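What follows is one structure encoded as structure tokens, with my remarks underneath.
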Ligand SMILES: Cc1ncc(COP(=O)(O)O)c(C=O)c1O
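Chains as they are written, first to last, in our numbering: chain A, 17 to 97; chain B, 8 to 409.
Below, the structure is given as structure tokens:
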């Protein structure tokens, strides 16, 4: 059983290499605004999360996932489904 | 009141920065005169065109022009209507018949552009609860088709059979699936390993759509595209293409053997809710497509020219996106934005037009000078181009640290 805290911690690790400016990462950090990620980077990050937990995160979910916390919630939901 | 344009400020500033260095705008070229498929006048100067996708040089074919002129006189300048209302003329039917013959398929639908063909097919075929599985480097029209529709969108690593298989395995076996591939990827000019990819898609019960925009006319025995050359025609459900490249005019299409295909005319919004192509355009397209069925000489010349440009650039020290010549697109890898724009401008000043491409249109943040060949390029033009590439590369210091 993977719980949300574990998911969140791992997501932070996956984001770290994509965070060259070392923006502080919290539940409320946003991908587009705070991390200045372009859409290609976000899609690559999604692919790495899919592989990490063996889940499907369709790209059409992305508009609703603006912050690290929202992504952790979504992944947790998909993993425990 | 907030200005809706403020979201573009970063791009505006970036462009202003480039233009302030005395570089002309690479996205605002005007062709003052077009003398042939390979020569135009730009800024009053005769320029060799090496970035037009006019692969088979059909834009000035005398039969194509005659057919267009006749249709213009006989049927008028435009149809002023949708394909499903008053906008289907005899010429549209003849154009669809030409496509059916060219592809050996039982159904053909002509759209107003290739962009709209992808928009329509992708958004209509896969609905709510279905899955679209697309290559990460797919053309903008495929991505936009995904966002117009309601399917779940899954992206796999460019040309990776392993990644496609992994992602298909995670999907519910009973769900509807559409795998979208391209024969030739237009940014790097690389081709897809369709044999492997199509086999995996079929093993997982998916339907397969292949965009052959850059393969029509010179891949496969009948010039149908990379999917024909790869021997997977029986497993491809839909082929999308365009008239804006090898065919030499404008328009898009989808061909298929699916028995229920014709219903799409009523449910595919980018087909229904727009005016049909003008009579002259469909007449040009039909004539061109029929001529492309017997264009063996042009095909051979196009391949010969493409290989020579590819090996010639490598010999002169350029880094290319593909190790060998895979298509009629030859992409030169550039180190950064500024060198790319300066090199592009140096080429233009030397009388050669190539395409400049930058992220996000390109994959993995690469900057490219993209060349596409035409069957009508002469050996002398090719020599001139290679010479000027070397001159421009030296002038901008591309080889300085080599
Ligand atoms: C792969 C691909 N598909 C579709 C299109 C769209 O074609 P059109 O120019 O007819 O809109 C293009 C070209 O722009 C393309 O490169």
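Every residue, glycine too, gets a C-beta built ideally from N, C-alpha and C.
Quantities reported herein were computed from a predicted structural model and do not represent experimental measurements.
Exercise. For residue 225/B, I'd like the list of residues in its chain whose CB is within less than 6 Å of its CB, leaving aside the five on either flank, ordered along the chain.
Key: Position 218 of the second chain holds residue 225/B. Cβ neighbours of residue 225/B beyond the five flanking positions: 306 and 309.
Quiz item: Per DSSP, which one or two residues make a beta bridge with residue 377/B?
Solution: Residue numbering aside, residue 377/B sits at position 370 when the second chain is read from its first letter. Paired residue(s): 338/B and 362/B.
Quiz item: Got a sec? Which residues, its chain only, sit under 8 Å from residue 427/B by beta carbon, not counting five neighbours each side?
Solution: Outside the shown range of chain B (8 to 409) lies residue 427/B, about which nothing can therefore be said.
Quiz item: Looking at the C-beta of residue 34/A, does it have a partner C-beta in chain B at a distance below 8 Å?
Solution: The count along the first chain starts at 1 and reaches residue 34/A at position 18. By this cut-off, residue 34/A is not an interface position.
Quiz prompt | Contacts around residue 28/A, its chain only, beta-carbon distance under 6 Å, and the 5 residues preceding and following it disregarded | solution = Here residue 28/A refers to the residue found at position 12 when the first chain is read from its first residue. Answer for residue 28/A: 41, listed in chain order.
Exercise. Show which residues of chain C have a CB atom less than 7 Å away from the CB atom of residue 178/B.
Key: No chain C is part of this structure, whose protein chains are labelled A and B.
Quiz item: Given residue 384/B, which residues of its chain have a CB within under 7 Å of its CB, disregarding the five upstream and five downstream residues?
Solution: Working through the second chain from its first residue, we reach residue 384/B at position 377. Excluding residues within five positions, the ones whose Cβ falls inside 7 Å are 45 and 312.
Quiz prompt | Beta bridge counterpart(s) of residue 83/A as assigned by DSSP | solution = As a working mapping, residue 83/A is identified with position 67 in the first chain. DSSP lists 46/A as partners of residue 83/A.
Quiz prompt | Distance between residue 172/B and residue 64/A (C-alpha atoms, nearest Å) | solution = Position 48 of the first chain holds residue 64/A. Position 165 of the second chain holds residue 172/B. If you draw a straight line from the Cα of residue 64/A to the Cα of residue 172/B, it comes to about 15 Å.
Quiz item: Do the region 34-50 of chain B and the region 269-279 of chain B touch if we need at least three Cβ pairs shorter than 8 Å?
Solution: no
Exercise. Could you tell me whether any Cβ in chain A is nearer than 8 Å to the Cβ of residue 160/B?
Key: Position 153 of the second chain, counted from the start, is the residue given in the question as residue 160/B. Cβ-Cβ to chain A under 8 Å: yes for residue 160/B.
Quiz item: For ligand 2, which residues count as neighbours when the test is a C-beta closer than 5 Å to any heavy atom?
Solution: In the structure shown, ligand 2 is absent; the only ligands present are ligand 1.
Quiz prompt | Segment contact, 8 Å Cβ cut-off, at least three pairs: the region 73-90 of chain B with the region 273-289 of chain B | solution = yes
Quiz prompt | Cβ shell of residue 205/B (< 7 Å), same chain only, five flanking positions each side left out | solution = As a working note, residue 205/B is residue 198 in the second chain. Cβ-Cβ distances below 7 Å link residue 205/B to 215, 239, 242 and 243 in the same chain, with the five nearest sequence neighbours on each side left out; the list follows chain order.
Self-check item: Among 107/B, 212/B and 406/B, nearest to residue 322/B - alpha-carbon criterion
Solution: The residue given as residue 322/B occupies position 315 in the second chain. Minimum Cα distance to residue 322/B is reached at 406/B.
Practice problem: Give the secondary structure of residue 41/A by DSSP, where H, G and I count as helix, E and B as strand, and everything else as coil. | Solution: Here residue 41/A refers to the residue found at position 25 when the first chain is read from its first residue. Taken through DSSP and simplified to helix, strand or coil, residue 41/A comes out as coil.
Self-check item: Proximal residues of chain A, C-beta to C-beta of residue 367/B below 9 Å
Solution: In the second chain, the residue the question calls residue 367/B occupies position 360. Correct list: 54, 55 and 56.
Quiz item: Just checking my contact of residue 159/B with residue 76/A at CB under 8 Å: how many whole Å lie between their CB atoms?
Solution: The residue given as residue 159/B occupies position 152 in the second chain. The residue given as residue 76/A occupies position 60 in the first chain. The Cβ separation is near 6 Å, so the contact holds.
Quiz item: Since residue 63/A meets chain B, which of its residues come closer than 9 Å, beta carbon to beta carbon?
Solution: Sequence index remark: in the first chain, residue 63/A carries index 47 (1-based). Near residue 63/A (Cβ distances below 9 Å), the residues of chain B are 143, 162, 163, 164, 170 and 174.
Quiz prompt | Residue closest to residue 106/B, alpha-carbon to alpha-carbon, out of 371/B, 294/B, 57/B and 179/B | solution = Within the second chain, numbered from 1, the residue matching residue 106/B stands at position 99. Nearest in C-alpha terms to residue 106/B, of all of 371/B, 294/B, 57/B and 179/B, is 294/B.
Quiz item: Under 8 Å, do residue 140/B and residue 174/B count as touching if we go by C-beta distance?
Solution: In the second chain, counting from the first residue as 1, residue 140/B sits at position 133. In the second chain, counting from the first residue as 1, residue 174/B sits at position 167. Yes, the pair counts as a contact, with Cβ atoms nearer than the cut-off.
Quiz item: Is residue 170/B closer than 8 Å to residue 328/B when the C-beta atoms are compared?
Solution: Indexing the second chain from 1 puts residue 328/B at position 321. Indexing the second chain from 1 puts residue 170/B at position 163. For residue 328/B and residue 170/B, no; Cβs fall outside 8 Å.
Practice problem: Leaving aside the five residues before and after residue 400/B along the sequence, list all residues of the same chain whose C-beta is less than 8 Å from its C-beta, in chain order. | Solution: One-based indexing of the second chain puts residue 400/B at position 393. Contacts found: 323, 324, 325, 350 and 406.
Quiz item: Is the Cβ of residue 81/A closer than 8 Å to any Cβ of chain B?
Solution: Within the first chain, the letter at position 65 stands for residue 81/A. No, no contact with chain B.
Exercise. Examine chain B for any beta-carbon lying closer than 8 Å to the beta-carbon of residue 75/A, and answer yes or no.
Key: Taking the first chain and counting its residues from 1, the one referred to as residue 75/A is at position 59. It does; some Cβ of chain B falls within 8 Å.
Quiz prompt | Residue burial classification, residue 76/B (beta-carbon count within 10 angstroms, cutoff 16) | solution = On the second chain, residue 76/B is found 69 positions in, with the first residue counted as 1. Exposed: under 16 other Cβ atoms inside 10 Å.
Exercise. Would you kindly check if the distance between the Cβ of residue 59/B and the Cβ of residue 379/B is under 8 Å?
Key: Walking along the second chain from the start, residue 379/B turns up at place 372. Walking along the second chain from the start, residue 59/B turns up at place 52. Residue 59/B sits close to residue 379/B, with the two beta carbons spaced by under 8 Å.
Quiz prompt | Paired residues, beta bridge with residue 259/B - DSSP | solution = Counted from its first residue, the second chain places residue 259/B at position 252. 118/B and 249/B.
Quiz item: Do residue 26/A and residue 92/A have their C-beta atoms within less than 8 Å of each other?
Solution: Working through the first chain from its first residue, we reach residue 26/A at position 10. Working through the first chain from its first residue, we reach residue 92/A at position 76. Not a contact, by the Cβ cut-off of 8 Å.
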